[in-house]
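>
Protein chains in written order, with our numbering: chain A, 7 to 227; chain B, 66 to 288.
1. For the stretch 66 to 85 of chain B and the stretch 237 to 253 of chain B, state whether three or more C-beta atom pairs, one from each stretch, are separated by less than 8 Å.
2. Which residues, in chain order, does the stretch 148 to 169 of chain A contribute to contact with chain B at a C-beta distance below 7 Å?
3. What number of angstroms, rounded off, separates the C-alpha of residue 60 (chain A) from the C-alpha of residue 37 (chain A)?
4. Provide the residue span of the alpha helix (DSSP H) that contains residue 73 (chain A), from first to last.
5. Less than 7 Å separating the beta-carbons of residue 247 (chain B) and residue 73 (chain B)?
6. Go ahead and pull the three-state DSSP assignment for residue 237 (chain B).
7. Is the Cβ of residue 82 (chain A) closer than 7 Å to any Cβ of chain B?
8. In chain B, which residues lie with their C-beta within 8 Å of the C-beta of residue 214 (chain A)?
9. List the residues of chain A that residue 228 (chain B) touches, going by C-beta distances under 7 Å, in chain order.
10. What does the alpha-carbon distance come out to for the pair residue 231 (chain B) and residue 237 (chain B)?
11. By the 8 Å beta-carbon criterion, what residues does the stretch 117 to 138 of chain B contribute toward chain A?
12. Taking only beta carbons into account, state which residues of the stretch 204 to 232 of chain B come closer than 9 Å to chain A, listed in chain order.
13. Can you check the stretch 21 to 89 of chain A for any alpha helix (DSSP H) of at least 4 residues that lies completely inside it and give the ranges in chain order?
14. Would you call the stretch 148 to 160 of chain A and the stretch 210 to 221 of chain A touching, i.e. three or more CB-CB distances under 8 Å?
15. If we ignore side chains and look at the alpha-carbon of each, how far apart do residue 297 (chain B) and residue 169 (chain A) end up?
16. Tell me which residues share the same chain as residue 258 (chain B) and place their Cβ nearer than 7 Å to its Cβ, disregarding the 5 neighbours each side in the sequence.
17. Closer than 7 Å, CB to CB, is residue 58 (chain A) near chain B or not?
18. Of the choices B:103, B:213, B:113 and B:250, whose alpha-carbon is the least far from that of residue 281 (chain B)?
19. Where do the ends of the alpha helix (DSSP H) carrying residue 88 (chain B) lie?
20. Residue range of the alpha helix (DSSP H) that residue 132 (chain A) falls in?
21. Which first and last residues belong to the alpha helix (DSSP H) in which residue 184 (chain A) is found?
22. So, at 8 Å on beta carbons, what are the nonlocal neighbours of residue 111 (chain B) in its own chain, with the 5 sequence-adjacent residues on each side left out?
23. If the criterion is Cβ atoms closer than 7 Å, does the pair residue 183 (chain A) and residue 193 (chain A) meet it?
24. Does DSSP put residue 180 (chain B) in a helix, in a strand, or in coil?
25. Closer than 7 Å, CB to CB, is residue 271 (chain B) near chain A or not?
26. Could you check which residue in A:72, A:21 and A:114 has the C-alpha nearest to that of residue 179 (chain A)?
27. Do residue 79 (chain A) and residue 99 (chain A) count as a contact pair if the criterion is CB distance below 7 Å?
28. Would you give the residue range spanned by the alpha helix (DSSP H) that residue 199 (chain A) belongs to?
29. Might you give, ordered along the chain, the residues of its own chain that have their beta carbon closer than 8 Å to the beta carbon of residue 97 (chain B), omitting 5 neighbours on each side?
30. Could you check the C-alpha separation between residue 137 (chain B) and residue 226 (chain B) for me, to the nearest Å?
31. With distances taken from CA atoms, which of B:221, B:255, B:279 and B:249 is nearest residue 269 (chain B)?
32. Of the residues that make up the stretch 171 to 189 of chain B, which ones have a beta carbon closer than 8 Å to any beta carbon in chain A?
33. Three or more C-beta pairs under 8 Å: does that hold for the stretch 187 to 204 of chain B against the stretch 88 to 96 of chain B?
34. For residue 177 (chain A), return the contacting residues in chain B, with the cut-off set at a CB-CB distance below 9 Å.
35. Three or more beta-carbon pairs under 8 Å between the stretch 60 to 74 of chain A and the stretch 263 to 279 of chain B, yes or no?
36. So with CB distances below 8 Å, who are the chain A contacts of residue 110 (chain B)?
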């Protein structure tokens, strides 16, 4: 069987899988960004209780494996009456896990905004909300974009794990193809190329364009 | 609602102790391979041979931006197609070693690039062979700034070992899944795995931090 014949026979399944992977990836990214902002800001709070909650969340999710968290959410939560379907459990686990890493990026970037900017905003008598929204966050945003580019690639890679709870993503489909045909190098090799192309032709250029646009916007181009 | 059973925890404890050992072995073995491969990857990227530099660069990018899980399957299943049968342990360690080798090569690269150009020029001026230049001049200076990154990936590789369970390496995750299948209890096994990971990775991160500060201090590089 040549490679072209292989593609003709199995491309349908792989395309279906790729679409699910992209859905999982986009939804995980949304969850991760939300979690990152929430817990990143909470970790900077002056309130000890709020800060503790953030620290505990971040350490638990960064200190254990994504796979463990995924299985916990999918197999253990139902025992407590929380039933999530596999698709939701998949992107939720990836998003909650990566969000914990993102929270540290948010926190780090806010702290990296020069002290003088905070002081200037106070000197201009800005309210604390205005200081955050108009002065600190826009600059923090530009600072944290490059590491977010890496994290978003990690999110894409992380979504492959959802295949292990039978979400029919690209990883799942090629594993099925491998079981049916034993054409391992064709099946897994093609999947590696597809993941690589998503990362290289979609994620990286979008993030790069975003970085450029943002730094131009705050006059740092 | 389900009750947490401590008796089950004690009953399972010996199996988890054993599995923790295997997890640490997988992480240690994988890391050993990664440390060496990373060095090879980074040095290959700095040779004057353009083809090699380009291929290595693309290879590292490819490995870094595709899922480790997929790479584990690839290594494990592609071998037999060509008559090369790898045990789950061998395949798993190769996959995880190459994956983290690619990450470590980037860490090393950062370290090497932080060595000032004058050091290279001086080594050249005294006609030091390239191998000795790396071994005696560049790498010792490139190491301290790389320690933090290397430490992070040591913890990272430890947390990624559960993926080896998919090809049957009997580490923590595999043990928990087996127990789940035997006893229909998922709460205790999976929670125990999480707790073990937490109990090991938090102190590890702390000690790496201490170690990095100690190296900087002993080498007189305190910022």
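Positions of the beta carbon are idealized from the N, C-alpha and C atoms, including for glycine.
For this structure:
1. yes
2. 159, 163, 166 and 167
3. Looking up residue 60 (chain A) in the first chain gives position 54. Looking up residue 37 (chain A) in the first chain gives position 31. Those two C-alpha atoms are separated by around 16 Å.
4. Position 67 of the first chain, counted from the start, is the residue given in the question as residue 73 (chain A). That run of the alpha helix (DSSP H) goes 72 to 77.
5. Taking the first residue of the second chain as 1, we reach residue 247 (chain B) at position 182. Taking the first residue of the second chain as 1, we reach residue 73 (chain B) at position 8. Result no, Cβ atoms of residue 247 (chain B) and residue 73 (chain B) do not sit closer than 7 Å.
6. Here residue 237 (chain B) is taken as the residue at index 172 of the second chain, counted from 1. Residue state, collapsed to three classes: helix.
7. On the first chain, position 76 is the one that residue 82 (chain A) refers to. By this cut-off, residue 82 (chain A) is an interface position.
8. Here residue 214 (chain A) corresponds to residue number 208 of the first chain, with the count starting at 1. Those within 8 Å of residue 214 (chain A) in chain B number zero; the least Cβ separation is about 14 Å.
9. By one-based count along the second chain, residue 228 (chain B) stands at place 163. Simply 73.
10. By one-based count along the second chain, residue 231 (chain B) stands at place 166. By one-based count along the second chain, residue 237 (chain B) stands at place 172. Each residue's Cα considered, the two are about 12 Å apart.
11. 126, 127, 129, 130, 131, 132, 133, 134, 135, 136 and 138
12. 220, 223, 224, 225, 226, 227, 228, 230 and 231
13. 54 to 69 and 72 to 77
14. yes
15. Any question about residue 297 (chain B) goes unanswered here, given that chain B covers just 66 to 288.
16. For the purposes of this step, residue 258 (chain B) is taken as residue 193 along the second chain, with counting starting at 1. Excluding positions up to five away in sequence, the list reads 237, 238 and 241.
17. Position 52 of the first chain, counting from 1, holds the residue named residue 58 (chain A). No - not a single Cβ of chain B is within 7 Å of the one on residue 58 (chain A).
18. Reading the second chain from its first residue, position 216 is the one you call residue 281 (chain B). Nearest option by C-alpha distance: B:213.
19. The sequence position of residue 88 (chain B) within the second chain is 23, counting from 1. Here the alpha helix (DSSP H) through residue 88 (chain B) covers 71 to 109.
20. Along the first chain, one-based indexing puts residue 132 (chain A) at 126. Run containing residue 132 (chain A): none; DSSP gives neither H nor E here.
21. Here residue 184 (chain A) corresponds to residue number 178 of the first chain, with the count starting at 1. Element bounds for residue 184 (chain A): 176 to 187.
22. Taking the first residue of the second chain as position 1, residue 111 (chain B) is located at position 46. Excluding sequence neighbours, residue 111 (chain B) sits near 118 and 177.
23. Locating residue 183 (chain A) in the first chain gives position 177, counting from the first residue. Locating residue 193 (chain A) in the first chain gives position 187, counting from the first residue. Yes, the Cβ-Cβ distance between residue 183 (chain A) and residue 193 (chain A) is below 7 Å.
24. Against the second chain, residue 180 (chain B) aligns to sequence position 115. Looking at residue 180 (chain B) - three-state DSSP - the assignment turns out to be coil, as it is neither helix nor strand.
25. Looking up residue 271 (chain B) in the second chain gives position 206. No - not a single Cβ of chain A is within 7 Å of the one on residue 271 (chain B).
26. Here residue 179 (chain A) is taken as the residue at index 173 of the first chain, counted from 1. Nearest of A:72, A:21 and A:114 to residue 179 (chain A), Cα basis: A:21.
27. One-based indexing of the first chain puts residue 99 (chain A) at position 93. One-based indexing of the first chain puts residue 79 (chain A) at position 73. Cβ distance < 7 Å, so residue 99 (chain A) and residue 79 (chain A) count as in contact.
28. As a working note, residue 199 (chain A) is residue 193 in the first chain. Run containing residue 199 (chain A): 190 to 203, per the alpha helix (DSSP H) assignment.
29. Here residue 97 (chain B) corresponds to residue number 32 of the second chain, with the count starting at 1. The answer, listed in chain order, is 162.
30. One-based indexing of the second chain puts residue 137 (chain B) at position 72. One-based indexing of the second chain puts residue 226 (chain B) at position 161. Looking at the two C-alpha atoms, the distance is approximately 11 Å.
31. To locate residue 269 (chain B), count along the second chain from 1; it is residue 204. When each option's Cα is compared against that of residue 269 (chain B), the closest is B:221.
32. none
33. no
34. Here residue 177 (chain A) is taken as the residue at index 171 of the first chain, counted from 1. Going along chain B in sequence order, the residues near residue 177 (chain A) (Cβ under 9 Å) are 132, 134, 135 and 138.
35. yes
36. Taking the first residue of the second chain as 1, we reach residue 110 (chain B) at position 45. By Cβ distance, chain A contributes nothing, its closest Cβ being about 18 Å from residue 110 (chain B), past 8 Å.
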